[in-house]
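A.B. asks:
Residue numbers (my numbering): 413 to 611.
1. I'd like the span of the alpha helix (DSSP H) that includes residue 487, first residue to last.
2. Using only the alpha-carbon positions, how far apart do residue 545 and residue 565 sit?
3. To the nearest angstrom, how far is it from the Cα of residue 583 to the Cα of residue 599?
4. Between 509, 449, 458 and 523, which lies nearest to residue 488 when the distance is taken from Cα to Cα?
5. Go through the region 414 to 449 residue by residue and report every complete run of the alpha helix (DSSP H) that reaches 4 residues or more, in order.
6. Under three-state DSSP, which class holds residue 543?
7. Kindly list the residues whose CB is nearer than 7 Å to the CB of residue 499, restricted to its own chain and excluding five residues on each side of it in sequence; keep chain order.
8. Can at least three beta-carbon pairs, one atom from the region 433 to 450 and one from the region 585 to 599, be found at a separation below 8 Å?
9. Opposite residue 526 in the DSSP bridges: which residues?
As structure tokens, then:
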């Protein structure tokens, strides 16, 4: 989890150096959420071990580790917030509460559900949608940062009817680096068009 905080601090320094205050504030807000998401992943992984436990003492230890994960989330969020506040104070910037954009508000209300199992290859989209998908990919390539194969796999993995699209974008960003909400929404729309997802 400390690696997420470290990445967040790097982004804060980068956007401050670029004098992009909107992005600076947004990155603080995003990485605060990413810390919570990664903490939740870790806690669920730890708690899943309970089913393998053969004694009460082992179950107690697992629960203590899960509680420690909660404490670690609070500590990492505090660490990021202190750094953000120190940078704001040092640069004479007023900390800002970030409001969701119109697109984020829309994404927050959509809970897609997957109708398929397993990964989908890039070729599948090209075969089924032809130039529509290829042209989209070529046009948006600059906004698709990082490995789109890994990101698209995780986007599909998080589609379960319980996660909204904004949360999915945040979770993919926490794992693979900043990911455009527009790209995530477009990708899910393609899945819906192919009958692989509904919402």
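Think of the CB as a built atom: it goes at the ideal place given N, C-alpha and C, for glycine as much as any other residue.
C.D. replies: Answer, in terms of the structure:
1. For the purposes of this step, residue 487 is taken as residue 75 along the chain shown, with counting starting at 1. Boundaries of the alpha helix (DSSP H) harbouring residue 487: 468 to 503, taken from the DSSP string.
2. Numbered from 1 along the chain shown, position 133 holds the residue referred to as residue 545. Numbered from 1 along the chain shown, position 153 holds the residue referred to as residue 565. The straight-line gap from Cα to Cα measures roughly 16 Å.
3. Here the question's residue 583 lines up with position 171 in the chain shown. Here the question's residue 599 lines up with position 187 in the chain shown. Looking at the two C-alpha atoms, the distance is approximately 15 Å.
4. Translated into positions along the chain shown, residue 488 becomes position 76. Comparing Cα positions, the closest option is 449.
5. With a minimum length of 4 residues, the continuous alpha helix (DSSP H) runs that stay inside the region 414 to 449 are 414 to 429.
6. Along the chain shown, read from residue 1 onward, the residue named residue 543 stands at position 131. Residue 543: helix per DSSP, three-state reduction.
7. By 1-based counting over the chain shown, the position of residue 499 is 87. Once the five neighbours on either side are set aside, the close Cβ partners of residue 499 are 424 and 428.
8. Segments in contact, yes.
9. By 1-based counting over the chain shown, the position of residue 526 is 114. In the DSSP secondary-structure assignment, residue 526 is bridged to 609.
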